[in-house]
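In the working numbering, the protein residues as written are 9 to 676.
The beta-carbon is built from N, C-alpha and C at its ideal position, and this holds for glycine as well.
Everything on this sheet refers to the single structure shown next.
Shown next, in the form of structure tokens:
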């Protein structure tokens, strides 16, 4: 639990008064709003990067942290690395996320969403087909959106946007509506089981729930369209199902769009009327938002949203109409502006999204009157998310932004998912020699063992499988394996072994392949040549697998290798030596190493062993590998053509040829 920062600035005191939401006591009136991150893995699971991000938000001093945009179904995702909240497979990661937030001193809330028109699905869900009026408005609005990007990126984005508009022609069916209602309810149940203190339903930004509320996007000629009350029927059905799946006293919030800024769209009177219905249905709080992706970039809208506290009038109107706590945002970038909003009675709580991204110490600085690092409203964070890069801020250091790039690169390579292959007795022995430290798997990782029978009989291998399976079952009993996933598959090969393994890799979306050290076998070389996106490793039986040598050439490409080391080989379990064969001046190498450490966020005193080139880089590394008694070598590799040149060129080829019982892991 973090230590509370004493409030010594009386001007900002309103920000730090206690408040109540849905039976929970908040230590202050600051809420970390659900800014989309793109920090989940490509399958939608929680990652260490996501946990670190939300833990920092909780440590900032905000009383409530809302995790953004949890997709309630596969078809509801809005980005490649969208957090998902459907199915028990996501429960362990969600539980770790909720626990991290709560241990850092904040209440944890999970926002549930379906992207609706903006979902990355082949057939997005929309209430009714888009008509000519919609097309003209949306094209004009999206043109304004494109102008916020560099010229060289506009063509591809324009193509993507036009393809998206073309998919808005098929209305949702009754069956899809019933399924979506059920999906929201199931996701809410999962959030509670994971330990979140409350959930929030996303009714803004033009996503599915908001699209039903708006006459601009909902033109259904039935009980689900027409009047405001009819358009509210589907969103209220979702809310009622969510409430049904939760205990009566479990808080459910609503992200409420108060102005849409499109023809016939949601405006304040309609939002106030819907807020009253939400209050009747037992909603715990309202979090205000304005604009959708088809309006927020229009010049006339950006002039409004550029004003500090531009939603204060709407907040005042909502507070006069309902007795629910109101969370207000809208360019509340400084503590002075936020405190003024509270004093005016325009809100009960202050929502911070981009302000906390720009300055994670915003609440602490506000308490003592220090100047905060202000968001400059440049749109850099949104542009990165649209490009599936993971959120970052222009106010961060270059090293911090590069680190996020490396993290999201690793996520795209699925390095948290490992396929361990055994096709002969030596493979089984090598796998067992690496427990510990490699097995059981670390938390938040998945390991599958693939036992491959070859077309020709191998009695020794078949006899070794039953005791090996007993060993695998024992992994599940080890406490360290509680947060990792372990399973196994036994398969008879029906094609060359390299193709068999690649098929299994693609089926399970594995980014790392581990197999025994037998490079002379052609299928293993071919496999290494073809699997280039993640990592591939050859396991030996060296008695010291935890003693690791990491050759580092200090190029930009080395950053990915070091980030992989950060996650796969924690210093608490491994003895790691970083080595560099000196090719330039020693001072230059030291400076490059300091820059690399800054990017990784590591201790600046982390040592680098500098090796003289002597007879060449290969011999220098081989000498260190032999004399140092290393059991594992982890190297980066670059794209090289040819089966015989699938490593880093001559250096890696030489290392590969001289490997005996060591592990060799190749990254990138």
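Next on the checklist: Buried or exposed, going by whether 16 or more other CB atoms sit within 10 Å of the CB of residue 401?
Outcome noted: When all chains shown are included, residue 401 counts as buried.
Checklist entry - Which residues mark the beginning and the end of the alpha helix (DSSP H) in which residue 206 is found? => result It is not in any alpha helix (DSSP H) - residue 206 instead sits in the beta strand (DSSP E) that spans 206-211.
Item to check | Which listed residue (638, 674, 506) has its alpha carbon closest to that of residue 540 | outcome: Looking from the CA of residue 540, the closest CA among 638, 674, 506 belongs to 674.
Checklist entry - Counting along the chain, where does the beta strand (DSSP E) carrying residue 295 start and finish? => result Looking at the DSSP string, the run of the beta strand (DSSP E) that includes residue 295 is 293-298.
Next on the checklist: Using the Cβ count rule (16 or more neighbours within 10 Å means buried), how would you classify residue 75?
Outcome noted: So residue 75 ends up on the buried side.
Checklist entry - Which one or two residues does DSSP pair with residue 599 in a beta bridge? => result Answer by DSSP bridge pairing: none, since residue 599 is not bridged.
Checklist entry - Between 32, 28, 61, 29, which lies nearest to residue 42 when the distance is taken from Cα to Cα? => result If we check each option's Cα against that of residue 42, 61 comes out closest.
Item to check | Three-state secondary structure (DSSP) of residue 669 | outcome: Correct three-state label for residue 669: coil.
Checklist entry - What is the residue span of the alpha helix (DSSP H) that residue 374 lies within? => result Counting along the chain, the alpha helix (DSSP H) containing residue 374 begins and ends at 370-376.
Checklist entry - In this structure, does DSSP put residue 348 in helix, strand or coil? => result Here residue 348 sits in helix by DSSP.
Item to check | Pairwise C-alpha distance: residue 281 and residue 40 | outcome: Taken atom to atom, the span from the alpha-carbon of residue 40 to that of residue 281 is near 27 angstroms.
Checklist entry - Of the residues 21, 135, 37, which one's Cα is nearest the Cα of residue 231? => result Check the Cα spacing between residue 231 and each of 21, 135, 37: the tightest is with 135.
Item to check | Sequence ranges, alpha helix (DSSP H) only - wholly within the region 420-470, length at least 4 | outcome: Runs of the alpha helix (DSSP H) inside the region 420-470: 433-441.
Item to check | CB contact flag (residue 153, residue 388, <7 angstroms) | outcome: No; because the gap between Cβ atoms is not below 7 angstroms, this pair is not in contact.
Item to check | Straight-line gap, residue 169 to residue 94 (C-alpha atoms, nearest Å) | outcome: Straight through space, the alpha carbons of residue 94 and residue 169 are spaced by roughly 27 angstroms.
Next on the checklist: Just verifying my parser: in three-state terms, what is the DSSP assignment at residue 92?
Outcome noted: Residue state, collapsed to three classes: strand.
Item to check | Under the three-state DSSP convention, the category residue 389 falls into | outcome: Correct three-state label for residue 389: helix.
Item to check | Boundaries (first-last residue) of the alpha helix (DSSP H) holding residue 494 | outcome: It is not in any alpha helix (DSSP H) - residue 494 instead sits in the beta strand (DSSP E) that spans 493-500.
Checklist entry - Could you give the distance in angstroms between the alpha-carbon of residue 326 and the alpha-carbon of residue 317? => result When rounded, the distance between both Cα atoms is 15 angstroms.
Checklist entry - Tell me the DSSP bridge mates of residue 335? => result In the DSSP output, where bridge partners are listed per residue, residue 335 has 295, 357.
Next on the checklist: Just to confirm, is the Cβ distance from residue 364 to residue 65 under 7 angstroms?
Outcome noted: Here residue 364 is near residue 65, since their CB atoms are less than 7 angstroms apart.
Next on the checklist: I want to check one thing, is the minimum distance from the CB of residue 671 to the heavy atoms of the ligand ADP below 6 angstroms?
Outcome noted: This structure lacks the ligand ADP, and indeed carries no ligand of any kind.
Checklist entry - Measuring CA to CA, which of 586, 405, 627, 349 is closest to residue 337? => result Comparing Cα-Cα distances from residue 337 to each of 586, 405, 627, 349, the minimum goes to 349.
Checklist entry - DSSP state of residue 650, grouped into three classes? => result Low confidence applies here, because residue 650 scores a pLDDT of 37, under 50, leaving its location unreliable; read the following figure in that light. In the three-state reduction of the DSSP assignment, residue 650 falls in the coil class, being assigned neither a helical nor a strand state.
Item to check | Residues sharing a beta bridge with residue 261, DSSP | outcome: BP columns for residue 261 point to 208, 293.
Next on the checklist: Taking its Cβ as the centre, do 16 or more other Cβ atoms sit within 10 Å of residue 410, making it buried, or is it exposed?
Outcome noted: Label assigned to residue 410: buried.
Checklist entry - For residue 177, does the count of other Cβ atoms within 10 angstroms reach 16, so buried, or fall short, so exposed? => result Counting Cβ neighbours within 10 Å, residue 177 comes out exposed, since fewer than 16 surround it.
Item to check | Contacts around residue 120, its chain only, beta-carbon distance under 8 angstroms, and the 5 residues preceding and following it disregarded | outcome: So the list reads 78, 80, 93, 192, 195, 196, 199, 207, 208, 209, 210, 250, once near-sequence residues are dropped.
Checklist entry - CA-CA distance, residue 274 and residue 425? => result Those two C-alpha atoms are separated by around 44 angstroms.
Next on the checklist: On the criterion of 16 or more Cβ atoms from any shown chain inside 10 Å, does residue 515 qualify as buried, or is it exposed?
Outcome noted: Classification for residue 515: exposed.
Item to check | Sequence-distant residues of the same chain with beta carbon closer than 8 angstroms to residue 393, five excluded per side | outcome: So the list reads 44, 45, 46, 87, 399, once near-sequence residues are dropped.
Next on the checklist: Once the 5 residues before and after residue 651 are set aside, which same chain residues still bring their CB inside 7 angstroms of it?
Outcome noted: Confidence in residue 651 is poor, its pLDDT being 34 and thus under 50, which makes the residue's placement unreliable; the coordinate value appears in the next sentence. So the list reads 533, 534, 537, once near-sequence residues are dropped.
Item to check | Bridge-paired residues (DSSP) for residue 5 | outcome: What is shown of the chain runs 9 to 676, which leaves residue 5 out entirely.
Next on the checklist: Just to confirm the assignment: which complete beta strand (DSSP E) runs, minimum length 3, are found wholly within the region 113-168?
Outcome noted: Positions of the beta strand (DSSP E) runs, each at least 3 residues long and wholly inside the region 113-168, are given as 115-121 in order along the chain.
Next on the checklist: Can you check which of these residues, 495, 493, 510, 494, is closest to residue 501 by C-alpha distance?
Outcome noted: Among 495, 493, 510, 494, the Cα nearest to that of residue 501 is on 510.
Checklist entry - For residue 241, which option in 17, 366, 123, 289 has the closest C-alpha, if you only look at C-alpha atoms? => result Comparing Cα positions, the closest option is 289.
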